[in-house]
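Undergrad: The structure follows.
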Amino acid sequence: MAHALQPLHTFALNNQCQHFVEITHLEQLKAQHFSAPYCLLGEGSNTVFLTDYSGTVIKMATKGIAIQERDNDYLVRVAAGENWHQLVSYLLAQNIPGLENLALIPGTVGAAPVQNIGAYGVELATFVDAVEYFDITSKTFNTLSNAQCEFAYRDSVFKHRLKHQAVITEVHLALPKKWQPVLSYGPLQQLTNVTPQAVFEQVINTRNSKLPNPRLLANAGSFFKNPIITAEQLTALLAQFPQLPHYPYEHGQYKVAAGWLIEQAGLKGYRIAGIAVHQQQALVLVNYGDSQGSDLIAMIKHIQHTVQARYNITLQHEVRLIDNHSECYINVEA
Ligand code: EPU
Numbered sequence: 001m002a003h004a005l006q007p008l009h010t011f012a013l014n015n016q017c018q019h020f021v022e023i024t025h026l027e028q029l030k031a032q033h034f035s036a037p038y039c040l041l042g043e044g045s046n047t048v049f050l051t052d053y054s055g056t057v058i059k060m061a062t063k064g065i066a067i068q069e070r071d072n073d074y075l076v077r078v079a080a081g082e083n084w085h086q087l088v089s090y091l092l093a094q095n096i097p098g099l100e101n102l103a104l105i106p107g108t109v110g111a112a113p114v115q116n117i118g119a120y121g122v123e124l125a126t127f128v129d130a131v132e133y134f135d136i137t138s139k140t141f142n143t144l145s146n147a148q149c150e151f152a153y154r155d156s157v158f159k160h161r162l163k164h165q166a167v168i169t170e171v172h173l174a175l176p177k178k179w180q181p182v183l184s185y186g187p188l189q190q191l192t193n194v195t196p197q198a199v200f201e202q203v204i205n206t207r208n209s210k211l212p213n214p215r216l217l218a219n220a221g222s223f224f225k226n227p228i229i230t231a232e233q234l235t236a237l238l239a240q241f242p243q244l245p246h247y248p249y250e251h252g253q254y255k256v257a258a259g260w261l262i263e264q265a266g267l268k269g270y271r272i273a274g275i276a277v278h279q280q281q282a283l284v285l286v287n288y289g290d291s292q293g294s295d296l297i298a299m300i301k302h303i304q305h306t307v308q309a310r311y312n313i314t315l316q317h318e319v320r321l322i323d324n325h326s327e328c329y330i331n332v333e334a
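Just so you know, we're using my numbering here: the sequence shown kicks off at 1 and counts up by one.
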């Protein structure tokens, strides 16, 4: 039975999938056939269905939060289908801070480790104690330590070795009792009364001022990754563009702000059909409606072309794109 995809992903293109299954009990996973094309989904805030999808969309909707107090921290075990922001708010209300910089990130807890969600100087990886997953070949439940998750900037083992192998079922977070605020990000430095609640509220205000609420204007958050470049590349770029925001990354490399590159290339507000570069944050693409996957692909290619020609940098989309039967990548070289 065909099923509407529009309500299942926040970019809200008007497509359909062949089959849809909602997992509310982990036992259901054992009965699931993973041989035909399938696509795992949480709340669909980082996935775009470009066309109709010929396989089965499997939505993880299990619930449950268990908190265990230990000597120096709280161990919080959370089912994959829990909403991320609700978890952050709930823990804060229980006097368990730590996640406040990650407030208002859309999506589920189970999706969070895949791209190692991050914002305002904090990444999920800092707090992950373990991740439990269902192995679709052996049909067993397994546990990975933090190190085994191979976390990096918007990256983890779930995008590589375990890409077609794992269904994340639970995330275990270790939240230290000794709260250490992370205030490196501009708007947080202005806080005079530094409490978890104040950081939480400032993050929410900052996000609301720049990032469109997917319930009001369809979008999938940052569409592209901030590119990682070498020190030599950075020096060359700074000679031409001294204002380019850049941050030290690992191994002497630098991360540069893709939103700045796109804005300075004159693309803010650029529109193809109902798809546009967001006015308040050029890293976000929005869908005003009446758009096709082909319009979005044209937009991605146009942005990649323009940025490549101007800065000699190839932007990679961070959002997961799904075509008729599998994930696909749009990558325009010069
Ligand atoms: N900038 C511009 N123009 C723009 C956008 C950004 O000049 O249109 C400049 C800003 O002024 C700033 C710099 O670029 O100097 C960085 O911008 P911002 O702080 O808004 O963050 P970002 O690098 O664009 C990343 C994450 C966001 C996260 C913010 C805050 C990625 C791909 N995105 O965006 O995550 O909320 O930092 O920490 O790393 C997401 O992944 O969906 C997401 C929203």
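The beta-carbon is built from N, C-alpha and C at its ideal position, and this holds for glycine as well. Only a predicted model underlies this, so the values are computations on that prediction, with no experimental measurement involved.
Buried or exposed: E132, going by 16 or more other Cβ atoms within 10 Å of its Cβ?
TA: Sequence index remark: in the sequence shown, residue 132 carries index 132 (1-based). With 16 or more Cβ atoms within 10 Å of its Cβ, E132 is classed as buried.
Undergrad: May I have the straight-line CA-CA distance separating P248 from A236, to the nearest angstrom?
TA: The count along the sequence shown starts at 1 and reaches residue 248 at position 248. The count along the sequence shown starts at 1 and reaches residue 236 at position 236. About 16 angstroms.
Undergrad: Just verifying my parser: in three-state terms, what is the DSSP assignment at H19?
TA: Taking the first residue of the sequence shown as 1, we reach residue 19 at position 19. DSSP places H19 in strand when its eight states are reduced to three.
Undergrad: Can G221 and P106 be called in contact, C-beta distance under 8 angstroms?
TA: The residue you call residue 221 lines up with position 221 of the sequence shown. The residue you call residue 106 lines up with position 106 of the sequence shown. It is a contact, given that the beta carbons lie within the stated cut-off.
Undergrad: On the three-state DSSP scale, how would you describe I229?
TA: One-based indexing of the sequence shown puts residue 229 at position 229. Looking at I229 - three-state DSSP - the assignment turns out to be strand.
Undergrad: Out of T126, G186, L217, state which residue places its alpha-carbon closest to the alpha-carbon of H172.
TA: Locating residue 172 in the sequence shown gives position 172, where the first residue counts as 1. When each option's Cα is compared against that of H172, the closest is T126.
Undergrad: Quick one: Cα of A309 to Cα of L285, how far?
TA: Numbered from its first residue, the sequence shown carries residue 309 at position 309. Numbered from its first residue, the sequence shown carries residue 285 at position 285. So the alpha carbons of these two residues sit roughly 20 angstroms apart.
Undergrad: Any idea if V194 is buried or exposed, counting beta-carbon neighbours within 10 angstroms, 16 or more meaning buried?
TA: Mapped onto the sequence shown, residue 194 falls at position 194. V194 comes out exposed.
Undergrad: Would the beta-carbon of R215 be found less than 7 angstroms away from any heavy atom of the ligand EPU?
TA: For the purposes of this step, residue 215 is taken as the residue at position 215 of the sequence shown. No, since every heavy atom of the ligand EPU falls outside the 7 angstroms radius drawn around the Cβ of R215.
Undergrad: Between which two residues does the beta strand (DSSP E) holding A258 run?
TA: Your numbering for residue 258 matches position 258 in the sequence shown. It is not in any beta strand (DSSP E) - A258 instead sits in the alpha helix (DSSP H) that spans 258–264.
Undergrad: Three or more beta-carbon pairs under 8 angstroms between the segment 76–89 and the segment 315–324, yes or no?
TA: no
Undergrad: At what residues does the alpha helix (DSSP H) containing Y90 begin and finish?
TA: In the sequence shown, counting from the first residue as 1, residue 90 sits at position 90. 84–93 is the span of the alpha helix (DSSP H), which, as asked, contains Y90.
Undergrad: Output the residue ranges of the alpha helix (DSSP H) runs that lie fully inside the segment 228–315 and measure 4 residues or longer, sorted by chain position.
TA: Listed in chain order, the alpha helix (DSSP H) runs fully inside the segment 228–315 are 231–240, 258–264, 293–311, counting runs of at least 4 residues.
Undergrad: How big is the Cα-Cα spacing for G110 and E170?
TA: Taking the first residue of the sequence shown as position 1, residue 110 is located at position 110. Taking the first residue of the sequence shown as position 1, residue 170 is located at position 170. Roughly 6 angstroms between the two C-alpha positions.
Undergrad: Alpha carbon to alpha carbon, what distance is there between D290 and D129?
TA: For the purposes of this step, residue 129 is taken as the residue at position 129 of the sequence shown. For the purposes of this step, residue 290 is taken as the residue at position 290 of the sequence shown. When rounded, the distance between both Cα atoms is 43 angstroms.
Undergrad: Is the CB-CB distance between L261 and I313 below 8 angstroms?
TA: Taking the sequence shown and counting its residues from 1, one reaches residue 261 at position 261. Taking the sequence shown and counting its residues from 1, one reaches residue 313 at position 313. With respect to the 8 angstroms criterion, L261 and I313 are classified as neighbours on the basis of their beta carbons.
Undergrad: By how many angstroms is the C-alpha of N14 removed from the C-alpha of L5?
TA: For the purposes of this step, residue 5 is taken as the residue at position 5 of the sequence shown. For the purposes of this step, residue 14 is taken as the residue at position 14 of the sequence shown. Cα to Cα, L5 sits roughly 7 angstroms from N14.
Undergrad: How far does the alpha helix (DSSP H) with L75 in it reach, from first residue to last?
TA: Within the sequence shown, numbered from 1, the residue matching residue 75 stands at position 75. Counting along the chain, L75 falls outside any alpha helix (DSSP H), though it belongs to the beta strand (DSSP E) covering 73–79.
Undergrad: Starting from the C-beta of F224, find all residues in its chain whose C-beta is less than 7 angstroms away, skip the five residues before and the five after it, and write them out in chain order.
TA: The residue you call residue 224 lines up with position 224 of the sequence shown. So the qualifying residues of the chain are A258, L283, L315, Q316, H317, E318.
Undergrad: With distances taken from CA atoms, which of P227, Y120, A93 is nearest G186?
TA: Residue mapping note: residue 186 aligns to position 186 of the sequence shown, counting from 1. Of P227, Y120, A93, the residue nearest in Cα terms is Y120.
Undergrad: Considering only the beta carbon of each residue, do L10 and P214 sit closer than 8 angstroms?
TA: One-based indexing of the sequence shown puts residue 10 at position 10. One-based indexing of the sequence shown puts residue 214 at position 214. Reading off the sequence, residue 10 comes out as Thr, not Leu. A contact, by the Cβ cut-off of 8 angstroms.
Undergrad: Residues bridged to D155 by DSSP?
TA: Counting from 1 along the sequence shown, the entry for residue 155 is found at position 155. Note: D155 sits in a beta bridge opposite A152.
Undergrad: How far does the beta strand (DSSP E) with K59 in it reach, from first residue to last?
TA: By one-based count along the sequence shown, residue 59 stands at place 59. Residues 53–60.
Undergrad: Since L144 is in the beta strand (DSSP E), which residue starts that stretch and which ends it?
TA: Numbered from its first residue, the sequence shown carries residue 144 at position 144. It spans 140–145 - the beta strand (DSSP E) in which L144 sits, taken as one unbroken run.
Undergrad: Please name the residue, chosen from L8, A31, S35, E27, that lies closest to L41 on a Cα-to-Cα basis.
TA: Indexing the sequence shown from 1 puts residue 41 at position 41. Checked all of L8, A31, S35, E27; the closest Cα to L41 is L8.
Undergrad: Let me confirm a value: L87 is counted as buried when at least 16 other C-beta atoms fall within 10 Å, else exposed. Which label applies?
TA: Against the sequence shown, residue 87 aligns to sequence position 87. L87 is buried by the Cβ-count criterion.
Undergrad: Below 7 angstroms CB to CB, which residues in the same chain sit around I303 once its five sequence neighbours on both sides are set aside?
TA: Residue numbering aside, residue 303 sits at position 303 when the sequence shown is read from its first letter. Taken in chain order, the residues that qualify are I262, L267, L315.
Undergrad: Please state whether the Cβ-Cβ distance between P343 and E100 is less than 8 angstroms.
TA: Only positions 1 to 334 of the chain appear in the structure, and residue 343 is not among them; the question remains open.
Undergrad: State the DSSP-derived secondary structure class of F127, mapped to helix, strand or coil.
TA: Sequence index remark: in the sequence shown, residue 127 carries index 127 (1-based). Helix.
Undergrad: Hey, quick one: how far does the alpha helix (DSSP H) through I136 stretch, first residue to last?
TA: Along the sequence shown, read from residue 1 onward, the residue named residue 136 stands at position 136. That residue, I136, is in no alpha helix (DSSP H); it is neither H nor E in DSSP.
Undergrad: Suppose the cutoff is 7 angstroms on Cβ atoms and the five residues either side in sequence are ignored; what does the same chain contact list for F200 look like?
TA: Along the sequence shown, one-based indexing puts residue 200 at 200. These residues qualify, in order along the chain: L92, E100, A103.
Undergrad: What span of residues does the alpha helix (DSSP H) with F34 cover, start to end?
TA: The count along the sequence shown starts at 1 and reaches residue 34 at position 34. No alpha helix (DSSP H) holds F34; DSSP gives it neither H nor E.
Undergrad: Taking the straight line between their C-alpha atoms, what separation do you get for A12 and V203?
TA: Taking the first residue of the sequence shown as 1, we reach residue 12 at position 12. Taking the first residue of the sequence shown as 1, we reach residue 203 at position 203. Rounded to the nearest angstrom, the two C-alpha atoms are 26 angstroms apart.
Undergrad: Distance, Cα to Cα, Q18 vs T24?
TA: Counting from one through the sequence shown, the residue named residue 18 turns up at place 18. Counting from one through the sequence shown, the residue named residue 24 turns up at place 24. Computed Cα separation, rounded: 20 angstroms.
Undergrad: Specify whether the segment 140–160 and the segment 53–70 touch according to this definition: at least 3 beta carbon pairs, one from each stretch, less than 8 angstroms apart.
TA: no
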